[in-house]
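Peer 1:
Okay, here's the thing in structure tokens:
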């Protein structure tokens, strides 16, 4: 980047570099908190992280920054610098949008609600949850109002914009409305077809136990197969698997159960997609917002490219089979075809995080259709259970009456006030299908190469079109440059039909 | 602590609380760097830690602090607050003593020297080392000069004061001079006696391999026996064992070799002494300098109380024996008496870190007698090898000519410019002997209780006299309050004679 002629921009670059360094320590300490920390360390850790976040917040909301950004806009920047400035300005807007009093109120409300929710969920205590959730929602609505005034976006869009910049509820409603029309029927057809297959050729269940040490080795070998760089990251264990750390040192976590291995393995493949995105962000620009992952939906498009498009590919099951046999010994269940049937089992269920890729969008659409009117004030928390039940019947034909713990109490998002996040999961699944449709168009032998163990075409494409681009472009531009069009859910439908109905 | 009437003091307390929180993140990130971090993460980690340390240095050298301290001295403080202010003032003086340019020059010189030393030591490259070491020494002499001017202490004393406040070279020379007179003869007598014992009853060597998982379990059980709180700390693996983390969450490390287990076990016992000191600092004062461990020698007095006084106690060998048998199966070598003979083997050697407690002071005295004239300008780096050889002959009867790698190149302290640190190791050993002599005077059945597995008298004494006192008193006052007299090396001599010569 140039010097001297762009003093304001250079100042902003230096500030972001400092924030990147300090954020590094927060990320590692946060990962450590989940993966290593003994219980009595928590209070001191929370105080230390609060100190750091307060410090970083003061740096981000320094009154001089507004002028610096205004000055930088006038400076002679090249395209990359201008993209970086766009992202700097966006981050500045997000950090400065809310008054400190509201940020503190939010922190108190979500802490209390989330903490109580951990007990209330297993106790099925919806009324207890409501007592705390009303304040979380009140804060969410206040945030939506302020952000909406600031951005000119509708309220829900203004919340969603923090996770998926540029995404609108008009687009989400159009896309989800389309999916809603064909999904229930598709689910039924897939289930019928799998039942017919089972009748002809019974599915064979793997026989446990599956020792944790063997599972760990299997996960690490699979991560290597998927190109994860263990010189720039690790795999550890935590209660809730996540991909943390920093791009230079990615800290993935998983969890193991001795009676089951596929859940942990597929979860690890999922997180590896997040991990490779982070590991392959443009190294020479790290520290600047333009070098960060584009958005939540784009991040999810990488984890789902790995878990669903690649990891659940019939050819990939053939690559996994010998590793699975090596880990647990030979079993009839580990034949590639049976393994693939296990990995692509479709079953209606109440729990989003346990859902397969066919039923998953139903869970997200339901939440979107409830949280949007909720934050916009068109419905109240009391209305949620009845709506939840009605939508579960429409979308999945399931009865949830009285079952709050497997209904609206199941996710951490609402207790934490993360309104506007849910759509990203399904938008990510759709982007992933779009990426692979583009790859197949450009590389007609893609499926054969995957089956032959040549995954480089996939990694190379993602590296060139997604990872290396980071936040250089808006999501729409990125999608267009990568695939020739903006988000198009038709690819997702075609993917499900091809995989599950052989059409 | 009182409010309103002590505004300057309260400001200083708040600053130290912030430094404590930020230091927490640096400690955990530093531990992670040694215990977890993959190699490609190092550059980003180093930059992140440099950012944090720079920030903390700016906070510590804020120009307003001098006045704040001057004002606080005038405020109505209680005794504890006054002790805290004394330590705040001391920390301020250390942080502000050296100009930023010298701190940077030191950083550059020691980084370069230490980095090259990693290759130069195995290559026995003394001349290569000298090229970088001259600048490290020049910086050390400059530091000594400035600190001496500031404190009025002699140059070496001014350096030592950073690690062991209040300790003078007059005291060290007197104490080490005393040890020097009786040590070579004592070493010879112990070696003769052990040889005679061997002739009568051959020493039995343990038979490996010793699986790492079993060693880890043995170390953890021994730490539990020694009262380490695993809800407030962990044991992990690193190349160079250390005790890091924070008082609220102590991160100990060790390392394992399959062909040997006693080194790792005794090292773990040593670090557990450091760990319990940290875990038992006064919790309600944490964040303030008065709640920090007193000094390096005091810290070492705790690790050596654990490793040498307690861990190498014949009664303790009886407690360890069943744990060792549980870990590796029964062997004749694991009989308590044989185990104790293995743990207390005395042998002259070239390497300080491998030395037993009898020969160890020889290594420290030698370094003290060289580094003191070195920083005071009475000798030059070229003079070191000849002096080293002469002193090794006098003290241990060993020839080191031409063997730089097992001579003056063996320690990381000089490449890192840590002049004045070495005496703390032996002062710590002497304090530890003094603590146990006091315990025996106050609790005549101490040895029987240790042998019976009742270690609480030891922990209770250390808790009351050392751990809970933190930095409330100067080292001399602390020693006096704990044992009725200041440092007295006669207890160390008596300890060695009692254990090794049965006198």
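Chains as they are written, first to last, in the working numbering: chain A, 72 to 574; chain B, 72 to 574. Don't be surprised by glycine CBs; every beta carbon is placed ideally from N, CA and C.
1) Give me the Cβ distance between residue 325/A and residue 306/A, rounded to the nearest whole Å; I'm assuming they're in contact under 8 Å.
2) Going by C-alpha distance, which of 262/A, 301/A, 362/A and 211/A is nearest residue 87/A?
3) Let me know the secondary structure DSSP gives residue 238/A once reduced to three states.
4) Taking 6 Å as the limit between beta carbons, can you name the residues of its chain near residue 314/A, skipping five residues before and five after?
5) Consider the Cβ of residue 338/B: report whether some Cβ of chain A lies at a distance smaller than 7 Å.
6) Among 524/A, 358/A and 154/A, which has the Cα closest to the Cα of residue 382/A?
7) Quick one, which residues of the segment 287-298 of chain B are near chain A if we go by CB-CB under 7 Å, in chain order?
8) Which residue from 413/B, 570/B and 537/B puts its Cα closest to that of residue 278/B?
9) Could you pull out every residue in the same chain whose Cβ sits closer than 7 Å to the Cβ of residue 237/B, ignoring the five residues on either side in sequence?
10) Can you give, in chain order, each stretch of the alpha helix (DSSP H) that sits fully within the segment 297-361 of chain A and has at least 4 residues?
11) In terms of residues, what are the limits of the alpha helix (DSSP H) holding residue 210/B?
12) Would you mind sorting residue 230/A into buried or exposed? The rule is 16 or more other CB atoms within 10 Å of its CB.
13) Exposed or buried, what is residue 259/A when buried is set at 16 or more other beta-carbons lying within 10 Å of its beta-carbon?
14) By the DSSP assignment, the alpha helix (DSSP H) with residue 227/B in it spans what residues?
15) For residue 105/B versus residue 319/A, is the C-beta distance shorter than 7 Å?
16) Using the Cβ count rule (16 or more neighbours within 10 Å means buried), how would you classify residue 177/A?
17) Could you have a look at residue 150/B and say whether DSSP puts it in helix, strand or coil?
18) Hey, residue 206/A and residue 241/A are a contact pair by Cβ (cut 8 Å); roughly how many whole angstroms apart?
19) Please state whether the Cβ-Cβ distance between residue 247/B and residue 422/B is less than 7 Å.
20) Going by alpha carbons, who is nearest to residue 620/A out of 516/A, 522/A and 271/A?
21) Nearest to residue 151/B by alpha carbon, out of 276/B, 555/B, 542/B and 280/B?
22) Select from the segment 302-322 of chain B all residues with a C-beta closer than 7 Å to any C-beta belonging to chain A, and list them in chain order.
23) Let me make sure I understand the geometry here. Which of 172/A, 265/A, 208/A and 182/A has the alpha-carbon closest to that of residue 571/A?
24) Quick one: Cα of residue 384/A to Cα of residue 564/A, how far?
25) How would you label residue 103/A, buried or exposed, when you count the other beta carbons within 10 angstroms and need 16 or more for buried?
26) Please determine if the segment 210-230 of chain B and the segment 488-505 of chain B are in contact, where contact requires at least 3 C-beta pairs separated by less than 8 Å.
27) Counting only Cβ pairs nearer than 7 Å, list the residues of chain A close to residue 110/B.
28) So, is the C-beta of residue 86/B closer than 7 Å to a C-beta in chain A?
29) Does the structure place the segment 529-538 of chain B close enough to the segment 499-508 of chain B that three or more beta carbon pairs sit under 8 Å?
30) Name, please, each residue of chain B whose Cβ falls closer than 7 Å to the Cβ of residue 122/A.
31) Measure the alpha-carbon distance for residue 154/B versus residue 148/B and round it to whole angstroms.
32) Expressed to the nearest angstrom, what Euclidean distance is found between the alpha-carbon atoms of residue 169/B and residue 208/B?
33) Name, going along the chain, the residues of the segment 186-211 of chain A whose beta-carbon falls closer than 7 Å to a beta-carbon of chain B.
34) Between which residues of its own chain and residue 351/A is the CB-CB distance below 6 Å, once the five residues before and five after are set aside?
35) Assuming the contact rule is C-beta atoms closer than 8 Å, residue 433/A and residue 466/A should be a hit. Round their C-beta distance to whole Å, please.
36) Mind listing the chain B neighbours of residue 351/A? Cutoff is C-beta to C-beta under 9 Å, in chain order.
Peer 2: Reading off the structure:
1) 6 Å
2) Comparing alpha-carbon positions, the option among 262/A, 301/A, 362/A and 211/A lying closest to residue 87/A turns out to be 362/A.
3) coil
4) Closer than 6 Å at Cβ, skipping near neighbours: 323, 342, 345 and 346.
5) no
6) Of the residues 524/A, 358/A and 154/A, the one whose Cα lies closest to the Cα of residue 382/A is 524/A.
7) Answer in chain order: no residues at all.
8) 413/B
9) 545, 546 and 547
10) Secondary structure within the segment 297-361 of chain A: the alpha helix (DSSP H) runs of 4 or more consecutive residues, fully enclosed, are 333-350 (chain order).
11) Run containing residue 210/B: 197-222, per the alpha helix (DSSP H) assignment.
12) buried
13) exposed
14) 226-231
15) no
16) The residue in question, residue 177/A, is buried, as its Cβ has 16 or more Cβ neighbours within 10 Å.
17) Helix at residue 150/B.
18) Contact flag wrong, Cβ pair sits at about 30 Å.
19) no
20) Because residue 620/A is not part of the residues shown, which for chain A are 72 to 574, the question remains open.
21) 542/B
22) Taking 7 Å as the Cβ-Cβ cut-off, the segment 302-322 of chain B approaches chain A at 302, 303, 304, 305, 317, 319 and 320, given in chain order.
23) 265/A
24) 16 Å
25) Only buried fits residue 103/A, as 16 or more other CB atoms lie within 10 angstroms of its CB.
26) yes
27) 302
28) no
29) yes
30) 89, 92 and 93
31) 9 Å
32) 16 Å
33) none
34) 534 and 538
35) The Cβ separation is near 4 Å, so the contact holds.
36) None at all; the shortest Cβ gap to chain B is about 12 Å.
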